[in-house]
Structure formats: structure tokens, C-alpha cells
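Residue numbers (the numbering used here), protein chains in the order written: chain A, -12 to 584; chain B, 1320 to 1623.
What follows is the structure, encoded as C-alpha cells:
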């Protein structure tokens, strides 16, 4: 009876580490939401809310461990089926997974209670999506699409909200975010699917979309060009379309991994649509917001994949004997396994931190829109926070997406290495996990694009300000203070690199962005580990257990910071080298273009 | 319309977590040392009833007999969308064996009345007798189908059921009302529903809350505790459900059939067995290995 919440030491630790009372208080608007529909299950105070979070996560952990995980192998084999009439039939086990999640009330995880949602913070949702991904990463693409409903909640009219959100919450519909086109992938400003109004002023959509996750879902949020004369992102608006015979799935992709998640090519044939929010804000406001949540989602998917692979490798290394010993005793294997687990915990620390700040930002912006404080000073503080958090999340979100997804490929790959020949065979789950992980650095914005976004934060002062708060903290433990000193050195080196890069211009920043971002992440995560090592775990049920886990984190922090420190210094040296040969001598180094004969 | 289902459940010590300290020297279980859980096959029984409700409509009432702590199992039933839950608790019911228990449950079911389907788990993991279900059917004077796997068909006239016979299966038909005992292979019990957990976790019976407050407010005066009790019970009225609590008088039970006096079971002897052999034998995954193992099992009379 594995429960992926109860049996995950690190998630348990972090649940107790974070200041959840603070988060619950802002999420529940100071526990004032005690009237109207849904009030019967509203929490009464912070302790009640935290107890709810714990219980909900335990339900998710149970479903993930006992219902979803046992079916994952068959989901991978079965896939989904495209029917002749342009509809898709989900695999039997995919359907069963969705049904059980709906029965457990989990499909409106973050939506307000008045629509039937659970009103959980993004941080708790991140933990849930990680556990579902650990069980079956492809299911995360359906369970984790709840940002679509959030987007409707944030921007659509009351009529649309009242019509669609209860259906999302009860699990009778799923959604898709329909953005990509054959000629608009990373560059969404090039979207060309046409939105036009008929004589009655009703919107119609015409065109083709490609690589659409769950494009066969019932509610489609489609990015389309409503202003034919505006050629960039400002000509795009967001539309809601319900599945009908004017939207057909033309093709179902055959993929390397995540076979349970249907990837569709969609044809819109004058399909009726409703405008979401205002015209021309489709890409620049709504999709950008939607993508931020989706990126945290992919980071959690990556965490789940890493965790699943690590567990298989850890068990295998303990039981597999070679040269007369369990292979975990061999230095090369011991190093791989230790660093795999630390890499997962590092990515988890960063991802949960990003989710936490997303909660701060979202709740604050909700307050500013719906109930701005009357007090002028308070209003100013809210507006300042909105700016600070927006800038910070503009850095943390791409960082966690990039970092966690790269980690998941490395860790699933190393898991195969630990299992050796057995890992390469279909007998173990690790080959599937690597196949599933491979997409994570590509969709919802490639690693390269995440770096472009994150490096802006590193170079514009957001990084320095964020780190400043960590640096103010004094640790009573000498080891932790010494490690903090190392992180200071790392930060100084990064700032030197930033200053150098700024003199060289945009192309140079993009060329060395990855090294700068890697270094900045190593320093941020180092600080997060130090905080974890000093964690008190105020609402921990098992205080001794929490103290032991915090003590372990000291060792994790030391290993992480000491192995990353020399890498930071080396990378920054390269950043400051001024070498642009890959651009300047591209034709020489990469050779001339190759034409297929 | 729809079917009126009653599910009888039991809260049991979690025997899957047995450690050294849990067994008393006389071979009995120290129940306080083990966490109490919802008897696993009773979850299958509940699922079977809920599936009937999902498909045909109706309502599901869950009944248990036990101490106040058994309310937790009833809350778990509510989390899974049971409509009504009833606790039968009475000191005079203590030490009831399976016969007395089935009598008491039958009285409760008669009080609820008009039942179409009664579901029980096949057996509880603490006693493993599998007797309460069949005895209960006898007390109620209705037919029984043990080892339920699934309905072949269900109408108001008859239930046609596939039952597992151990070495195969057979399909039997019975008029309603009928009592059905459910195997763990029958279905996949649903998880708790999150919103109902948030709502009903606050639900208690008045006595259960009183016992909790006694523990939680050790230094308070009786009057303070009563005030807190009244305050919390008042809050519960907004939750839209309650845990009903009945004693033996409420169900018109004849006391001579309850508790110790209604329990003819006598334990003759409890054997304390210490396994001396290692827990497992390795068998090579080859033809010869398996042949050797089968041979050994036949020689030991484990098989054949």
C-alpha cells in the first residue's frame, strides 16, 4: 500500500518546513470566506487549512501509489486511439485514472470553492502534481492542465466562469491550451490561426494547430489572430471553444514517451468561439500567465520522474551483488546515487520556492483587482509587492522549469546506468522514465528559452535582491555559516560575470546565459538548503523526525555547496573570457550546412 | 427509487503492522499498541454498495458496532460518499462474540428498516472468522450470498451474483433483500473525496466530542468543557450530516443475547508459535528448481 505522500521523506520534510500558516492565511483571505456556496467545507483557521492540505495530499499520494502507478506500464503500451470522425478515445487505464481523480474531488485543486474547487495554494498543487507524475508522468499532462481553468477564472467573464468552472471541478471536462502551430513553436508571436467575427458579431476560428497536449479535451483555450493588421503578439487574443464537429483531431502524434497523453493536430473549420477577457491581450497577458503556471507544472513532472527513477535505482543497487558486494558499496555507484538524490532535492527546493512565490503574487494580484486596500500606504505596499514578485517569478519560474527538467533527464539516465543492462531492457520502469523525461526540456518552452528568460533576472538585479534576503540570515551552526561564506564568494563571482556580460551586449548574454543561470541557481539552491538545515518544522506532527531530517539536510547542503563551488568559479571564468568563437567561427567549427542527398 | 443498501463495517487493529510489542505473552493482541483502521474487506463491501448507488440510485447507510473511536471509520465512510452512518455503542455490548454481534447488528438493521441489500466484508483481519455476515443473514431471516465478486444483474426482483468458490466461480440468484459478503478481489475501493474530508472531518457524536474534550482540556472545569462542547456541536449543525449514535435500548435489543451473556464462544487454548525456520527458501528459476520445489511441497503435504 505505497502512499507517495506518506513515504516521501523530503516532501514530508518540506511540508513541515514551509510557513504554511502564512500561505493559508493569504490563500483563504484571512479566513473570511465563510459564506456562500462551498462554505460548508471552508477551513476555520490556519491549523484547519494545513490539516486539509495534509489530508488532500495523502489522498493524492494514495491514488498515485495504489491506483495510478500500477497501471503506468500498460498506459505506456496502450496509448490512445484516433477515431475516423476526428475524435480521440483515451486508453482504458487513462480513463480509469481520470475517473478516480474526479471521484476524489481533485480536478479543481486550486479553484475557488464557490465553483466546487479545493482552493489549495499552488505550492500544495505542486506537491500533488509531483506525486501524480511519479506514478505516471503522462497522467500529469491531464491532471496538471488545471491552469486552463485557472486562466478562465482569472480573466474570463462571469458567464463563462459559471458555465465552465463547475464542470472542470467535477471532472466532467478536461481542457487544452492550444498555442503551437506548424510555423509558431517557440516563437508564439507568429501564430496565424484566424479569428473572425460573423455578421452577428460571433467569433469563429479557422486554421490548424499542432502538437496540442490533450487537444481532444472538451474545452479548448485557443490563441488566435483577431487583428489581421497587427502582425506581432499584440494581434493575438485568447478564445474558448467547446469540442464540436467543427474542431477535429486530424492526427495523433506517435511519440518517444508520455504515451498516455494524447498529442493532437487540430483543424478548426469556422469553429464557434468565445473571447476570453479582452482582445489583443491573449499572448502578452493571458498566455504568459498561463505559461508560468504550466512551467512550474513541468518542473514538478520532472521531479516526479526523477523520484520514480531514483527509487528503482536505489533499491536495485542495494540488492544487486557484484564482486561479492551490493553494488551500492562501489564508489562510482555510491556517488551516482547520492548525487541523484541531492539533485532531486535541489530541484524540488527551487520548484517549491517558485510555487510559493507564485502564491504570493497570484493572491496579491487577486486582492489588487477585486478588493484593493482602502488604506493608501497598504495599497502602495501591495503594488510594490506586485512588482517585486512579478520580477522575481519572472526569474524563478523559468529557472525551476529549466533546472528540474534537465535534472530529470540526467537522473533517469543515471538510473539506467545503475541498473546496467537490466535498465536498458523493458523489464524495469527506468527506460520508460527516461523516454518520458526527454520531453520536459522541450515543451512549455525549451531549456534554451528558459535560460533567455532567467538570465534577464540574473542580470537585472532580481537575483541580487533575492539573495540579499538570504544573506541577512545568521546561522548559529558554524558549518552552515561557513557554507554561507562559500555562497557569498559564488555570488560575488556571478556579479563579476554579470558586469562583464553587460558590456558585451545581447548576443553575448545569450551565449553565456546558461553558465550564468547555472551559477545563480547553484547559489540560490545552496541558500535554500541552508534554510532547510536550520528548519524548525513548527507544524510537524513528528518533531524528532523533522529534526533528524534537518540534520541530514546539513550534510546535503555541504555536499551540494562544496561540489558546486568550483564549478561556479570555472564557469564564471569562461563567462569572462570574451570568447565568441561559436558565433564568429560557426561555419568552421560546425562545418558547412549538410543537405540530405 | 434506487436500492436501499446497508453496509456493516468494523474498525480493527492494523494487523499488517504487527511488531514484537504488539503480541501479549498469552497470544492475544494488545489492541492499544496498534493503529485502528477500516477493516480492508469492509472497504470492498462499501465500494460494492456505492457502486450500486452510482449505477441505480438509492442510498447507502453504514453501521458499525464498537467504542466511540469507531466514529473514525464512519467518517471514512462519509468521505467515500456514504449517505448515513450509525454507531452502535454500549458498555453492555462489550465482549460480544460473532453471534452476539450479529444479533445486535440485526436489531440495528431492523430499526433502519426496508433494506434491499446488506453488504459485509468477507471477514475482519483481527478475528478472521468470516462468521458475522452469514450469522447476520440468519438473524434477519434473509438469503445470503458469500464471496461476492460482481453483479451479473440487479433488479428489484432478484440479484444475480457471481461468487468465488475458491476453486472457481458460480452464478447464483437470490430474491431481495439479500445479504452479500464481499471479497477483496471484487473491486478497487475508491479513495476518500477531498471536499467531503474537509467537511466531515469535524463531525463527531456528542459523546465522542465529550471524550475528546476531556483529553484535550484536562485543566478545564466541567462547565467550561460543556460550554466548549455546546459551541462545537452547534458548529457541526452547519455540516449537513451527523453520526447517529445508538445504544442497545435504541435498537430494542434483548440483553440476554448481547455482550458476554449472548456469547457462547469459549477459547479453548491459545498456542504461542515461534517460527524457527528462516522465512524463505530460494528456488532457482529453472525447470529443475520448480520441479524440486513442487516435489518438496508434495512430500510435506502442503500440496496434494
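Where a beta carbon is used, it is the ideal one built from N, C-alpha and C, also for glycine.
Status (buried if at least 16 other CB within 10 Å, exposed otherwise) for residue i
i	result
residue 1589/B	exposed
residue 1546/B	exposed
residue 561/A	exposed
residue 582/A	exposed
residue 533/A	buried
residue 557/A	exposed
residue 335/A	buried
residue 149/A	exposed
residue 1617/B	exposed
residue 1488/B	exposed
residue 1599/B	exposed
residue 573/A	exposed
residue 1540/B	exposed
Interface partners of residue i on chain B, CB under 8 Å
i	result
residue 54/A	1507, 1510
residue 105/A	1513, 1514, 1517
residue 93/A	1513
residue 396/A	Chain B residues near residue 396/A: none, gap ~32 Å exceeds 8 Å.
Beta-carbon separation (whole angstroms), residue i vs residue j, contact threshold 8 Å
i	j	result
residue 180/A	residue 422/A	In fact, because the Cβ distance is near 30 Å, the residues do not count as touching under 8 Å.
residue 1444/B	residue 1497/B	The Cβ separation is near 25 Å, so there is no contact.
residue 55/A	residue 93/A	Residue 55/A to residue 93/A, Cβ: 12 Å. No contact.
residue 1567/B	residue 1411/B	6 Å
residue 442/A	residue 500/A	4 Å
residue 136/A	residue 162/A	6 Å
residue 449/A	residue 378/A	5 Å
residue 1502/B	residue 1467/B	7 Å
Within chain A, the residues that residue i reaches when beta carbons sit closer than 7 Å
i	result
residue 1558/B	27
residue 1518/B	27, 28
Same chain, Cβ closer than 8 Å to residue i, five either side skipped, listed in chain order
i	result
residue 168/A	177, 178, 179, 180, 194, 195, 196, 197
residue 1286/B	Coverage of chain B is limited to positions 1320 through 1623, which leaves residue 1286/B absent and any answer about it impossible.
residue 313/A	304, 305, 306, 307
Own chain, CB closer than 7 Å to residue i, minus 5 neighbours either side, in chain order
i	result
residue 1475/B	1495
residue 118/A	-9, -8, 47, 48, 51, 291
residue 1419/B	1576, 1577, 1578, 1581, 1582
residue 212/A	178, 179, 180, 181, 182, 222, 223
residue 273/A	138, 142, 225, 263, 264
residue 526/A	3, 7, 37
residue 1398/B	1511, 1512, 1515, 1516, 1519
residue 124/A	245, 288, 291, 292, 423
residue 585/A	Residue 585/A cannot be examined here, being either before or after the span of chain A that is shown, -12 to 584.
residue 587/A	Since the first and last residues shown for chain A are -12 and 584, residue 587/A lies out of range.
residue 1532/B	1544, 1547, 1548
Chain A contact residues for residue i, given Cβ-Cβ distances below 8 Å
i	result
residue 1326/B	Near residue 1326/B there are no residues of chain A at all, since even the closest Cβ is about 18 Å away, more than 8 Å.
Cβ-based neighbour list, residue i, same chain, cut-off 6 Å, excluding 5 preceding and 5 following
i	result
residue 436/A	173
residue 1536/B	1544
residue 158/A	89, 94
residue 1463/B	1453, 1456, 1498
residue 280/A	134
residue 1341/B	1349, 1352, 1353
residue 75/A	67, 69, 203, 236, 249
Closer than 7 Å at the beta carbon, the chain B residues around residue i
i	result
residue 90/A	1509, 1512
residue 39/A	1517
residue 49/A	1510
residue 454/A	Ordered by position in chain B, no residue passes the 7 Å Cβ test against residue 454/A, which lies about 37 Å from the chain.
Partner residues on chain B for residue i, Cβ-Cβ distance less than 9 Å
i	result
residue 43/A	1513, 1516, 1517
residue 7/A	Under the 9 Å cutoff, chain B gives no residues; its nearest Cβ is about 16 Å from residue 7/A.
residue 87/A	1507, 1509, 1510
Inset, instruction - List in chain order: all unbroken beta strand (DSSP E) runs of 3+ residues lying wholly within the segment 205 to 232 of chain A. - result: Qualifying beta strand (DSSP E) stretches, in chain order: 206 to 212, 223 to 229.
Legend entry - Length-filtered (4 minimum) alpha helix (DSSP H) runs lying within the segment 1489 to 1552 of chain B: Listed in chain order, they are 1513 to 1519, 1525 to 1535.
Inset, instruction - Any chance you could list the alpha helix (DSSP H) runs of at least 4 consecutive residues sitting entirely within the segment 473 to 536 of chain A, in chain order? - result: 493 to 520
Inset, instruction - Within the segment 104 to 178 of chain A, note down every full alpha helix (DSSP H) run reaching 4 residues or more, in order along the chain. - result: 109 to 122, 124 to 130, 134 to 142, 145 to 157
Legend entry - Segments assigned beta strand (DSSP E), at least 3 residues, entirely inside the segment 315 to 351 of chain A: Look at the segment 315 to 351 of chain A and you find no whole run of beta strand (DSSP E) that is 3 residues long or longer.
Inset, instruction - Enumerate, from N- to C-terminal direction, the unbroken beta strand (DSSP E) stretches of 3 or more residues contained entirely within the segment 1416 to 1482 of chain B. - result: 1436 to 1440, 1463 to 1473
Legend entry - Length-filtered (4 minimum) alpha helix (DSSP H) runs lying within the segment 1383 to 1418 of chain B: 1390 to 1398
Legend entry - Contained alpha helix (DSSP H) runs [length at least 4] in the segment 373 to 455 of chain A, N- to C-terminal order: 408 to 411, 417 to 424, 434 to 446
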